[in-house]
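Below is one structure, written out as structure tokens, with a few remarks after it.
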Amino acid sequence: MTVSRTINGQRYVSPELRDQVLASIRALNYTVNKSARNTRNGSSAYCIGVLYSNPSSAYLNEIMLGGLQESSRTGAQLLLETCTGLASQKAALKKLLAAGVDGIILPPPLCDSRLTIETLKAEGIPTLALATARPLEDVSSVRIDDYQGALAMTRYLIGLGHREIGFVKGDPSHTPSDLRYVGFLAAMRECGLDIDPAFVVNGLFTYRSGLAAGEALLKKKKRPTAVFASNDDMAAAVIAVAHGLGIKIPEELTICGFDDTPVATTIWPSLTTIHQPIVEIGRAAVAILSEQIERQQKGEIPQPVHQVMKFTLMERGSSAPR
């Protein structure tokens, strides 16, 4: 009771004793467990944190839409914290833990952060890695098969008669980036097609990096007849560069993306892309984590769940036969 009264600023604690309690709090790096407080007060509601550092706001919007749909059904609360660098990430994570979250969702690239995952394990917080391409066996995940998605898109381009295909890589810190590139390589090789190193450029999953990639691919005498970008933001940027250079799409150049975020259908021409059911992924993430939190609160040991969602190739106006 003395500790409780001190933390809550109540009376009946002497100044000397209050100072001792505060000194112990600092020494132990103690924070109030709001989840335990809710349990004691008879509250069954729980809070799920989302730690977000992805530069794509469209992706975040879709994830949160699905998460909110599911949380309204279960009565859970979602608490979002954004971060950038390592220091910001640690501060945001500490803030979520101090808020008493019962579980945490890690969208990319934090879904692959060993440091963050190990920190949450040590705290006993159920964690879900969202859209990781290489899920850990003991951490729940929801994802699509990025390799198969890239394989399908590249085969589609080859089927249209394209042989000189450019590829824009994603952020190397995201595991899906690597698998999408590997899927592209596999489809090219299975058809016996050479890959021109000049047609493979780096990106960061951002629109700005897509502009640089588009200029690197298209401001040359020899350019590809099709470009496959690792996400829609970069594909949209390549389309913008092509428009600026007077290259007709899709008559002179086919451009495709990945994810099917809202930008895919708001640019002209609309983007051929791999549809990743992002809203459904967000909904599934909250559902899986909610069940694990409930099991943990009952004293059970929740088992990790790995769910793979289906992707769809969406054929739109940005692609055509060579």
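Heads up: the sequence shown at position 248 corresponds to 248 in full-length UniProt numbering, and the numbers run straight through without jumps. Glycine included, every Cβ here is placed at the ideal spot set by N, Cα and C.
Cα-Cα separation between residue i and residue j, rounded to whole angstroms
i           : j    : result
E215        : K90  : 36 Å
V182        : I48  : 34 Å
F184        : Y147 : 8 Å
R18         : V101 : 27 Å
S209        : T225 : 20 Å
S173        : D112 : 8 Å
I25         : E16  : 15 Å
D260        : P250 : 18 Å
M314        : T265 : 11 Å
P321        : T206 : 28 Å
V305        : E280 : 16 Å
E70         : Q296 : 19 Å
V241        : Y156 : 23 Å
K248        : H162 : 16 Å
T312        : N231 : 14 Å
L68         : G192 : 46 Å
S35         : N61  : Caution is warranted here: a pLDDT of 48 is assigned to S35, below 50, making its placement in the model unreliable, and no coordinate value can be reported.
E190        : R180 : 16 Å
N54         : R134 : 18 Å
residue 381 : S56  : Outside the displayed span of the chain (1 to 322) sits residue 381, for which this structure offers no information.
A27         : V3   : 14 Å
T6          : D233 : 51 Å
E137        : I255 : 36 Å
S43         : T74  : Because S43 carries a pLDDT of 46, less than 50, the predicted location of this residue cannot be relied on, and the following value inherits that uncertainty. Looking at the two C-alpha atoms, the distance is approximately 14 Å.
K310        : M153 : 14 Å
residue 330 : K121 : Missing from the structure shown is residue 330; the chain here goes from 1 to 322 and no further.
G149        : D178 : 12 Å
Paired residues, beta bridge with residue i - DSSP
i    : result
T312 : H275
H306 : S141
T82  : Y52
A129 : L106 and S141
V200 : F167
Q77  : C47
Beta-carbon spacing of residue i, residue j below 8 Å
i    : j    : result
A98  : Q77  : no
Q187 : L160 : Contrary to the premise, residue 187 reads as Ala rather than Gln in this sequence. No. Outside cutoff.
A287 : L128 : no
G66  : G282 : yes
A235 : L271 : yes
V227 : L211 : no
Y59  : T82  : no
I158 : P107 : no
L96  : L110 : no
T84  : T132 : no
P269 : G317 : yes
P126 : Q307 : no
I105 : L130 : yes
I267 : I301 : no
G257 : A229 : yes
Local conformation of residue i per DSSP, three classes
i    : result
Y207 : helix
G166 : strand
S140 : strand
Y30  : coil
T154 : helix
V101 : coil
L253 : coil
A226 : strand
D178 : helix
D259 : strand
Y12  : coil
K95  : helix
D194 : coil
A287 : helix
T266 : coil
G124 : coil
A320 : coil
I281 : helix
K90  : helix
L245 : coil
I117 : helix
N61  : helix
Any non-hydrogen atom of the ligand FMN closer than 7 Å to residue i Cβ
i    : result
I249 : No copy of the ligand FMN occurs in the structure displayed, which carries no ligand at all.
Chain C within 8 Å of residue i, Cβ atoms only
i   : result
V13 : The chain labelled as chain C is not found in the depicted structure, where only one protein chain is given.
On the three-pair Cβ rule with 8 Å, is the segment 161–170 touching the segment 185–200?
Yes, the segment 161–170 is in contact with the segment 185–200.
How do the segment 169–176 and the segment 200–209 stand: do at least 3 beta-carbon pairs fall below 8 Å, yes or no?
In short, these stretches touch, since the Cβ pair count reaches three.
Three or more C-beta pairs below 8 Å linking the segment 269–283 and the segment 116–125
No: fewer than three Cβ pairs fall under 8 Å.
Touch check for the segment 121–141 and the segment 287–297: three-plus C-beta pairs under 8 Å?
Three or more beta-carbon pairs separated by less than 8 Å link the segment 121–141 to the segment 287–297, which places the two stretches in contact.
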